[in-house]
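Enquirer:
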Amino acid sequence: MKTIKIGSIGLGRLGYEHAKNIATRVPGAELAAICDVDAKRVAEVAAELGVPNTYTDVAEMCANPELDAIVVVSPSMYHAEHIKIALDAGKHVFCDKPLDTTVEKCLEAEKAVEAHPDKVFMLGFMRRFDDSYADAKRRIDNGDIGKVVLVRSYTQDPRATIEGTLKFAPHSGGQFLDMCVHDIDLIRWFTGSNVKKVWGLGGVFEFDLYRELNDADNAAATVQCENGAMGFMFTNRTHGAGCNVETEIIGTHGTLRIANVGAKNLLQIVDGNGAHEQYYPDFLSRWHEAYVNELAEFVSCIREGRKPEVTVYDGTAVSRTAYRCKESFETGEMLDME
Ligand SMILES: NC(=O)c1ccc[n+]([C@@H]2O[C@H](COP(=O)([O-])OP(=O)(O)OC[C@H]3O[C@@H](n4cnc5c(N)ncnc54)[C@H](O)[C@@H]3O)[C@@H](O)[C@H]2O)c1
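The following block contains the structure:
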């Protein structure tokens with residue numbers, strides 16, 4: 043089967059991880075080009091990973107006829123623009139979440155995808171590719187816990203990475219968009235229903251930057267879906283012991299819980315403080331395998347002529363919900379989705 047030659051945009055925290063995975067771990071893929079506005083970073087990564095083609099301009103890279111696909115890991119506010127450039131250049135596209143930072147731009151991304159029905163487009167909701175989350179979904183689809191009644195999901199980054207988080211915050215799109223998109227995606231995926239009503243809450247408990255950004259450093263939302271199922275999500279960036287992501291799905295006949303202790307491995311350390319486990323130190327280590335799995339699925343879809351389960355419409359629906367949560371947080375009102 044054909045090797046898929048990929049050009050990757052953005053070599054920051056996650057972009058470097060994706061580039062390394064494509065170069066070394068994704069079956070059937072070759073990292074044939076990289077692009078970042080930071081020329082020094084491009085040169086460093088090209089030397090480390092042995093990438094033959096390097097760029098500082100997205101359109102120039104996408105014009106390379108040797109490339110089959112583009113992976114977009116640039117800052118969120120450029121996603122729709124980069125998706126369109128790549129699709130118009132005849133490439134398949136994988137874009138990391140969120141689809142973009144406004145609903146209008148998400149709709150532009152939808153149009154670009156619709157204009158190229160022969161191309162594979164996939165959005166990076168990587169939790170769906172984590173073994174535990176995928177197992178939970180299989181059990182739900184199998185009817186093991188009956189009807190899904192409530193999904194509770196927490197997304198907490200560790201305090202240890204707060205410096206990078208604060209730098210990223212101004213172009214992140216805000217906590218509901220940047221962090222809660224994963225929880226919203228899970229709520230829609232596990233309940234099989236769109237969100238119909240939201241109540242966003244939050245506050246600035248520690249970092250004044252979030253007040254300047256009209257955002258919360260600790261945020262939560264309660265939602266209700268069109269089919270009646272409920273969801274609750276909570277996010278912050280200062281979890282004491284590493285990356286904590288936990289999800290509970292309550293059904294009419296049973297409950298599924300995922301990673302409620304966030305343990306890095308099976309090691310238990312017994313010392314003067316008692317017995318304890320280590321957490322994953324950051325999101326990159328927590329989702330390491332899921333990041334490989336999602337790109338493997340993207341490449342398989344291209345090679346097998348399939349379309350991925352995660353669509354551009356999921357991206358818009360999730361972003362729309364995240365923004366409605368933000369609006370609810372700002373106004374203090376419980377809001378219906380428009
Ligand atoms: N799925 C996840 O778990 C997850 C985790 C982290 C980040 N992300 C997403 O990945 C994207 C990147 O996040 P990050 O944390 O790596 O950001 P980052 O700020 O660390 O890196 C962004 C990189 O893009 C480069 N860049 C900026 N403008 C560019 C342009 N016009 N063309 C090419 N390169 C450009 C920057 O120089 C930088 O190297 C964001 O959309 C973010 O939401 C997803």
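Residue numbering for the sequence shown follows our numbering, beginning at 43 and increasing consecutively. C-beta: ideal position from N, C-alpha, C; glycine also. No experiment lies behind these values; they were computed from the predicted model shown.
In this structure, how does DSSP classify Ile64 when only helix, strand and coil are distinguished?
Expert: Residue state, collapsed to three classes: helix.
Enquirer: CB-CB under 6 angstroms to Ser370, same chain, minus the five flanking residues each way: which ones, in chain order?
Expert: These residues qualify, in order along the chain: Val240, Trp241, Gly242 and Leu377.
Enquirer: Give a yes or no on whether 8 angstroms exceeds the smallest Cβ distance from Pro107 to chain B.
Expert: The question asks about chain B, but that chain is absent: this structure has only one protein chain.
Enquirer: Please report the straight-line C-alpha distance between Gln217 and Val223, rounded to a whole angstrom.
Expert: The alpha-carbon atoms of Gln217 and Val223 are separated by roughly 9 angstroms.
Enquirer: Look up Ile344 in the DSSP assignment and say whether it is helix, strand or coil.
Expert: Looking at Ile344 - three-state DSSP - the assignment turns out to be helix.
Enquirer: Which of helix, strand or coil does DSSP assign to Glu290?
Expert: Glu290: strand per DSSP, three-state reduction.
Enquirer: Does the distance from the CB of Glu59 to the CB of Leu337 come in under 8 angstroms?
Expert: Against a cut-off of 8 angstroms, the Cβ pair of Leu337 and Glu59 comes out as no contact.
Enquirer: Measure the alpha-carbon distance for Glu146 versus His121 and round it to whole angstroms.
Expert: About 12 angstroms.
Enquirer: Cβ of Asp324 within 8 angstroms of Cβ of Thr203?
Expert: The answer is yes: Cβ separation under 8 angstroms.
Enquirer: Which residue from Ile127, Cys285 and Ser195 puts its Cα closest to that of His158?
Expert: Taking only the C-alpha atoms, the option nearest His158 is Ile127.
Enquirer: Would DSSP call Tyr333 helix, strand or coil?
Expert: Correct three-state label for Tyr333: helix.
Enquirer: Might you give, ordered along the chain, the residues of its own chain that have their beta carbon closer than 7 angstroms to the beta carbon of Thr143, omitting 5 neighbours on each side?
Expert: Once the five neighbours on either side are set aside, the close Cβ partners of Thr143 are Ser118, Met119, Gly215 and Leu219.
Enquirer: Is the separation between the beta-carbon of Ala71 and that of Val93 shorter than 8 angstroms?
Expert: Against a cut-off of 8 angstroms, the Cβ pair of Val93 and Ala71 comes out as no contact.
Enquirer: How many Å lie between Cys367 and Gly273 at the Cα?
Expert: Distance between the alpha carbons of Cys367 and Gly273 is about 12 angstroms.
Enquirer: Just list the alpha helix (DSSP H) runs in the stretch 236-296, keeping only unbroken ones of 4 residues or longer that don't cross its boundaries, in chain order.
Expert: Counting only runs of 4 or more, we get 250-254.
Enquirer: Are at least three pairs of beta-carbons, each pair with one atom in the stretch 163-171 and one in the stretch 245-262, less than 8 angstroms apart?
Expert: No, the stretch 163-171 does not touch the stretch 245-262.
Enquirer: With distances taken from CA atoms, which of Arg201, Ala261, Lys153 and Arg328 is nearest Gly282?
Expert: Considering only alpha carbons, the answer is Arg201.
Enquirer: How many whole angstroms separate the CB atoms of Phe136 and Asp227, which I take to be in contact at a CB cut-off of 8 angstroms?
Expert: Going by Cβ atoms, the distance from Phe136 to Asp227 rounds to 16 angstroms, so no, they are not a contact pair.
Enquirer: Just to confirm, are Glu290 and Arg230 a CB contact at a threshold of 8 angstroms?
Expert: No, they are not a contact pair.
Enquirer: Would you mind working out which of Gly347, Thr233 and Leu255 sits nearest Thr294, comparing C-alpha positions?
Expert: Among Gly347, Thr233 and Leu255, the Cα nearest to that of Thr294 belongs to Thr233.
Enquirer: Under 7 angstroms from any heavy atom of ligand 1, does the C-beta of Phe210 make it?
Expert: Flag set: Cβ of Phe210 near ligand 1.
Enquirer: Kindly list the residues whose CB is nearer than 7 angstroms to the CB of Ala359, restricted to its own chain and excluding five residues on each side of it in sequence; keep chain order.
Expert: Counting only Cβ-Cβ distances below 7 angstroms, and skipping sequence neighbours, we find Arg230 and Asn236.
Enquirer: Is any non-hydrogen atom of ligand 2 found closer than 7 angstroms to the C-beta of Asp138, if you look at the structure I gave you?
Expert: The model depicted lacks ligand 2 and carries ligand 1 instead.
Enquirer: Could you check the C-alpha separation between Ala131 and Ala262 for me, to the nearest Å?
Expert: Rounded to the nearest angstrom, the two C-alpha atoms are 40 angstroms apart.
Enquirer: I need the DSSP call for Thr144, collapsed to helix, strand or coil.
Expert: The answer is coil: DSSP assigns Thr144 none of H, G, I, E or B.
Enquirer: Count the other CB atoms, across all protein chains shown, that sit within 10 Å of the CB of Glu152; report buried if there are 16 or more and exposed otherwise.
Expert: When all chains shown are included, Glu152 counts as buried.
Enquirer: Report the rounded CA-to-CA distance for Leu53 versus Gly188, giving the unit in angstroms.
Expert: Those two C-alpha atoms are separated by around 43 angstroms.
Enquirer: Can you name, in chain order, every residue of its own chain whose Cβ lies under 8 angstroms from the Cβ of Leu255, other than the five neighbours on each side?
Expert: Same-chain partners within the cutoff: Ala211, Pro212 and Gly216.
Enquirer: Is it buried or exposed, Ala81, if we count other Cβ atoms within 10 angstroms and call 16 or more buried?
Expert: The residue in question, Ala81, is exposed, as its Cβ has fewer than 16 Cβ neighbours within 10 Å.
Enquirer: Tell me Gly54's beta-bridge partners as DSSP assigns them.
Expert: None; Gly54 has no bridge partner.
Enquirer: Could you please give the first and the last residue of the uninterrupted alpha helix (DSSP H) stretch that includes Phe210?
Expert: Ile204 to Phe210 is the extent of the alpha helix (DSSP H) around Phe210.
Enquirer: Inspect the beta-carbon positions of Val32 and Val100 and report whether they are closer than 8 angstroms.
Expert: It is not possible to answer for residue 32, since the shown part of the chain is limited to 43 through 380.
Enquirer: Counting C-beta neighbours from all protein chains within 10 Å, is the total for Thr277 16 or more, i.e. buried, or is it exposed?
Expert: Buried is the call here.
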